[in-house]
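Going by my numbering, the sequence shown opens with residue 35, and the numbers climb by one from there.
Have a look at the structure below, then the notes.
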Amino acid sequence: MPTLFDPISFGSIKAANRVVMAPLTRARAGKDAVPTLIMAEYYGQRATAGLIISEAVGISRQGLGWAYATGIWNEEQVAGWKTVTDAVHEKGGKIVCQLWHMGRMVHSSTTGEQPVAPSVSTAPGHIHTYEGKAPYEEARALRLDEIPGIVESYAKAARNAMKAGFDGVQIHSANGYLLDEFLRDGTNHRTDAYGGSVENRLRLLREVTEAVIKEVGAEHVGVRLSPNGEVQGTVDSNPAAVFIPAAKMLNDLGVAWLELRESNPSSTFTFGGATDQPKLSPEIRKVFTRPLVLNQEYTRDEALKAVEEGKADAISFGRAYIANPDLVRRLKDDLSFQDDDMATWYGPIGAKGYTDYSFAK
């Protein structure tokens, strides 16, 4: 069996190892959602990862309601991301763009409009706005005639990502955002073609995936799912009935790789938490035949074992990458990890807690 440090292909992407940098929203962009120069340094520092999945990147103004997060719907944003992808490629790395519509998780002070979702609902908790933390607002249900425009926004964002020099894209269908909200019966109460049956709840993910594949080719497309547990108030009563068919559908559509963000009874995931819903990766492994990436607060030993035993083809690391830009080396040589500073997770605060972490001697 391969090891965590052996090469792997994610469709068209030839990765030097199976250590994946998970998407990490760090909020270092400007108010125009354009990437800043310091982001090129940040991602370049982490280019030894087999594959970097970018922070979640808004596909449209409607879909991006997080202060100081990035977008990719206009030419200025494309140019900003080109600086980042160039920095990664100059150091021999690979990077894909995670395509994001936040659904009900946006705030009108950022987007200028009421949040949208499959059904009328309000997310729990608070969101970061330019004025500070604010409670989430009630989302309205998307009309049927609006859905084709959502699909086209994903296609355009994928096209822009390739123009910006990304090696591919990942469709963000996890963590309680728009596509995940359509998948799960806790947030999807529709009675039309996009709600009710599992087939109907899968419809928007299918249409988005087909549109993105048509735009950039299946060999450049991955998808992220969070198949178990409650994330940001989004949950399903029977996840196996939804996410195993979703994985099979994605396999049939030909996506190049699939990443699963799984929770467990001891999870400390910031937006989710512990859950007794079982992990579905063993069953998804049976229906998804291309590279499967798992993400679940893996320790070094757990990651090594998961790949060596064939439970996963690669492991993605999130929080560990915040404070350890040389994570691949630390994993390979069994070196200690540096601790991150939670107060600096989100910007806009410049280099502190972003690009100032040291490399192992």
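Glycine included, C-beta positions come from ideal geometry on N, C-alpha and C.
Same chain, Cβ closer than 7 Å to residue i, neighbours up to 5 away in sequence not counted
i	result
Lys262	Checking the displayed sequence, the identity of residue 262 turns out to be Asn instead of Lys. Counting only Cβ-Cβ distances below 7 Å, and skipping sequence neighbours, we find Pro273, Glu296, Ser297, Thr309, Gln311, Pro312, Lys313 and Leu314.
Ala63	Pro69, Thr70, Tyr102, Ala103 and Thr104
Ile278	Leu314, Glu317, Ile318 and Val321
Ser153	Ala175, Thr221, Asn222, His223 and Arg224
Gly384	Ile72
Which listed residue (the options) has its alpha carbon closest to that of residue i
i	options	result
His160	Leu284, Ala101, Lys339 and Pro36	Ala101
Leu369	Val232, Ala252 and Ala394	Ala394
Pro57	Met136, Lys345, Leu176 and Val91	Val91
Ala49	Arg80, Gly84 and Ile383	Gly84
Ala354	Val53, Thr37 and Phe44	Val53
Lys339	Ala357, Ile318 and Leu365	Leu365
Lys65	Gly381, Tyr391, Arg138 and Ala385	Gly381
Gln148	Arg174, Lys128 and Val257	Arg174
Thr117	Phe200, Arg80, Ala385 and Tyr332	Phe200
Ala337	Ile47, Ser46 and Asn51	Asn51
Tyr391	Ala245, Ala67, Ala357 and Val232	Ala357
Gly129	Ala198, Lys190, Ala151 and Glu172	Contrary to the premise, residue 129 reads as Ile rather than Gly in this sequence. Here the closest residue by C-alpha is Ala198.
Val289	Gly307, Gly229, Val257 and Phe39	Val257
Glu110	Ala67, Gly99 and Gly127	Ala67
Arg237	Lys190, Gln330, Gly114 and Pro182	Pro182
Own chain residues within Cβ distance below 6 Å of residue i, not counting five before or after
i	result
Asn8	The structure shown does not extend to residue 8, since the chain spans only 35 to 395, so no value can be given for it.
Ser143	Thr163
Phe322	Ala281, Asn285 and Leu292
His135	Ile93, Gly97 and Leu212
Ser271	Asp219
Lys386	Thr378
Ser260	Ala208, Asn209 and Arg295
Buried or exposed by the 16-neighbour rule on C-beta atoms within 10 Å, applied to residue i
i	result
Pro325	buried
Met73	buried
Leu178	exposed
Pro299	exposed
Glu124	exposed
Glu165	exposed
Ser350	buried
Asp360	buried
Thr333	exposed
Ala227	exposed
Thr119	buried
Gly127	buried
Beta-carbon proximity list for residue i, same chain, < 8 Å, skipping 5 on both sides
i	result
Val250	Ala192, Arg193, Ala195, Met196, Gly202 and Val203
Met35	Val341, Glu342, Glu343 and Gly344
Tyr170	Arg138, Met139, His141, Pro149, Thr156, Ala157, Pro158, Gly159, His160 and Ile161
Arg235	Phe216, Leu217, Arg218, Asp219, Asn222, Tyr228, Gly229 and Val276
CB contact check: residue i to chain C, cutoff 8 Å
i	result
Ala227	Within the model displayed, chain C is absent; a lone protein chain is all it includes.
Nearest-angstrom Cβ-Cβ length linking residue i and residue j, presumed shorter than 8 Å
i	j	result
Thr268	Gly220	6 Å
Glu215	Asn222	6 Å
Thr243	Leu212	Not confirmed; about 14 Å, so no contact.
Tyr76	Thr389	5 Å
Gln132	Ile87	5 Å
His254	Ser46	6 Å
Ala61	Val122	About 20 Å separates the two Cβ atoms, so there is no contact after all.
Val276	Val246	Not a contact, Cβ separation roughly 20 Å.
Asp347	Val327	7 Å
Arg95	Thr145	6 Å
Requested in this report: May I have a chain-ordered list of the alpha helix (DSSP H) segments no shorter than 4 residues that lie completely inside the segment 164-212?
Outcome: Segments of the alpha helix (DSSP H) lying fully in the segment 164-212: 181-197.
Query raised in the report: Of all the alpha helix (DSSP H) runs that stay within the bounds of the segment 220-279, which reach a length of 4 or more residues?
Result: With a minimum length of 4 residues, the continuous alpha helix (DSSP H) runs that stay inside the segment 220-279 are 232-250.
Query raised in the report: Counting only runs that start and end within the segment 78-159, where is the beta strand (DSSP E) found for 3 or more residues in a row?
Result: As far as the segment 78-159 is concerned, its whole beta strand (DSSP E) runs of at least 3 residues are 85-92 and 129-134.
Report task. Can you check the segment 306-387 for any beta strand (DSSP E) of at least 3 residues that lies completely inside it and give the ranges in chain order? Result -> Secondary structure within the segment 306-387: the beta strand (DSSP E) runs of 3 or more consecutive residues, fully enclosed, are 326-329 and 348-351 (chain order).
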